[in-house]
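The structure appears below as structure tokens.
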């Protein structure tokens, strides 16, 4: 079959990654749906599963049409629906909200690398689904008292220009540092919020992982999340701001794995990427140099942690190779 409109290399790559992510999320949703705290949460989780299932089928149609093999992704054997609750008190929707934050960023990048109308439509639809679920999950968590808002601040009444380089000062321990601006405060609150959920997620993973090396990796990740939380909280306290980004969610005492080690490792890998991007965002927009340096160092730690995780996945045969260009050196020297 000769294709009249073959998709580009960038589209092949983003669709491949999207398929991996969506099949992973669907397996997680299936477990959370069965153990949901209430009907409203179950409907929210189930609604997203149905939306994602539609787009996974659409992706498979594109793969078939383009003569491209469908990736393995994550299948029924990667989830144990009979496993007891590993998380409680609204963790399912809290984690769902974090997933939608990740998705919003990913679809923006993917859309920037899409050229054909068929692929653009996929990301338009997924973006709409993500925004809807993010709004619904945020409202649910606020109504349940699980999600807390960032601190309130005085509203600006005038506009001012920065008049001195001292606005960026922060390194010298005995020099006066300016108060945090609202962008910096928002980033720090968000960092505590996301790392709190990440710490709970990886704690549960560590409790039930079968592979010893994987368990140790998750324990290391738990300590990394705790260090980030301490760093962000320390900056807030130094500025006389009471941190309020807490979660009422809990990890149960279950040690029975609801997911395969492969799925849990990939889940943490996706979140590592989100964490690096978030830290980079904070580094760029933090105008106090001490905050920018601390967030950059945290991003460095996450980068090396993520690289270690990829090595573990490759070692265990859990990392599916992405589509790649033809190796001309091998083709030329095949004889």
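Numbering (the numbering used here), first residue to last: 53 to 387.
We put the CB at the ideal spot given by N, CA and C, even for glycine.
Note that the structure is a prediction, hence the values are computed from the model and not measured.
(message) I'd like the span of the alpha helix (DSSP H) that includes residue 162, first residue to last.
(response) 143-164
(message) By DSSP's criteria, residue 303 is part of a beta bridge. Which residues make up the other side?
(response) 139
(request) Take residue 121 as the anchor and find which of 68, 232, 302, 268 has the nearest alpha-carbon. (result) 68
(request) For the segment 72-82 and the segment 97-104, state whether three or more C-beta atom pairs, one from each stretch, are separated by less than 8 Å. (result) yes
(request) Give the DSSP bridge partners of residue 337, in chain order. (result) Answer is none; residue 337 lacks a bridge partner.
(request) Measure the alpha-carbon distance for residue 137 versus residue 303 and round it to whole angstroms. (result) 9 Å
(message) For the pair the segment 247-255 and the segment 199-217, tell me if three or more CB-CB distances fall below 8 Å.
(response) no
(request) Could you name each continuous alpha helix (DSSP H) segment of 4 residues or more that falls completely within the segment 159-206, going from the start of the chain to the end? (result) 169-196
(message) On the DSSP letters alone, give me the boundaries of the alpha helix (DSSP H) that residue 428 sits inside.
(response) An answer regarding residue 428 cannot be provided, because it is not within the stretch 53 to 387 covered by the chain.
(request) Name the one or two DSSP bridge partners that residue 131 has. (result) 311
(request) Leaving aside the five residues before and after residue 293 along the sequence, list all residues of the same chain whose C-beta is less than 8 Å from its C-beta, in chain order. (result) 203, 232, 237
(request) Alpha carbon to alpha carbon, how far is residue 87 from residue 124? Give it in angstroms, no decimals. (result) 26 Å
(request) Determine contact between the segment 157-169 and the segment 336-345, defined as no fewer than three beta-carbon pairs at a distance below 8 Å. (result) no
(request) Would you be able to state if there are at least three C-beta pairs under 8 Å between the segment 279-293 and the segment 315-323? (result) no
(request) Please confirm whether residue 265 and residue 364 have their CB atoms less than 9 Å apart. (result) yes
(message) Using a Cβ distance threshold of 8 Å, determine whether the segment 175-188 contacts the segment 89-102, with at least three qualifying pairs required.
(response) yes
(request) Identify which residue in 73, 116, 239, 132 has its Cα closest to the Cα of residue 260. (result) 132
(message) Assuming residue 244 and residue 281 are in contact, meaning their beta carbons sit under 8 Å apart, how far apart are those beta carbons, in whole angstroms?
(response) 6 Å
(request) For residue 356, count neighbouring C-beta atoms within 10 Å of its own C-beta (all shown protein chains included) and say buried if the count is 16 or more, exposed if not. (result) exposed
(message) According to DSSP, is residue 218 part of a helix, a strand, or is it coil?
(response) helix
(request) In angstroms with no decimal places, state the Cα-to-Cα distance between residue 171 and residue 145. (result) 29 Å
(message) In whole angstroms, give me the CA-to-CA distance for residue 54 and residue 118.
(response) Bear in mind that the predicted position of residue 54 carries a pLDDT of just 44, short of 50, making it unreliable; the figure below should be weighed with that in mind. Looking at the two C-alpha atoms, the distance is approximately 9 Å.
(request) Please report the residue range of the alpha helix (DSSP H) in which residue 283 lies. (result) 264-290
(request) Identify whether residue 324 lies in helix, strand or coil by the three-state DSSP scheme. (result) helix
(request) Give a yes or no on whether the C-beta atoms belonging to residue 246 and residue 350 are separated by under 9 Å. (result) no
(message) Can you check which of these residues, 115, 134, 76, 71, is closest to residue 308 by C-alpha distance?
(response) 134
(request) Note the first and the last residue of the continuous alpha helix (DSSP H) segment covering residue 370. (result) Taken as a continuous stretch (DSSP letters only), residue 370 belongs to no alpha helix (DSSP H), as it is neither H nor E.
(request) Using three-state DSSP, classify residue 89 as helix, strand or coil. (result) coil
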